[in-house]
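A short write-up of the structure that comes next.
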Amino acid sequence: MDYRQYTCPIHKTTLLVGDRWTLFLIREFIYENEEQGFNQLLRALKPISSRTLSKKLKQLVDHDIIKKKITKEKPLQVKYHITKKGRALKKALDSMGVWYKKYHT
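Mapping of the sequence shown onto the numbering used here: residues 1 to 105, in sequence order.
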């Protein structure tokens, strides 16, 4: 493997958030609603499976891109919200949208 794969920030970012569902999930938090529950996300990202969604949410929580919050009221609810680190990806997503509109519409 090329050493640049280990040092390039674009490569590292792509490994972290570059797959299909992770980008859609981040987009959902940034552009739709900064705090959402699991079922709300499952409906919004249809046809994602609940297993895949759970896996992606865990990865994003582990990297502090989103936070998991369990409410204290009954019934207990789990909510996810985007962090400052996650919101910082908005510029990159905006740029991707501008690029697509310029060259593919």
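Think of the CB as a built atom: it goes at the ideal place given N, C-alpha and C, for glycine as much as any other residue.
No experiment lies behind these values; they were computed from the predicted model shown.
Helix, strand or coil: which one does DSSP assign to residue i?
i           : result
residue 12  : helix
residue 97  : helix
residue 34  : coil
residue 102 : helix
residue 48  : coil
Look at residue i and residue j and say whether their C-beta atoms are less than 9 Å apart.
i          : j          : result
residue 23 : residue 41 : no
residue 35 : residue 80 : yes
residue 17 : residue 30 : no
Mark residue i as exposed unless 16 or more other C-beta atoms lie within 10 angstroms of its C-beta, in which case mark it buried.
i          : result
residue 97 : exposed
residue 70 : exposed
residue 76 : exposed
Practice task
Kindly provide the ranges of any beta strand (DSSP E) runs that are 3 or more residues long and lie completely inside the region 59–96, ordered along the chain.
Solution key: 66–70, 78–82
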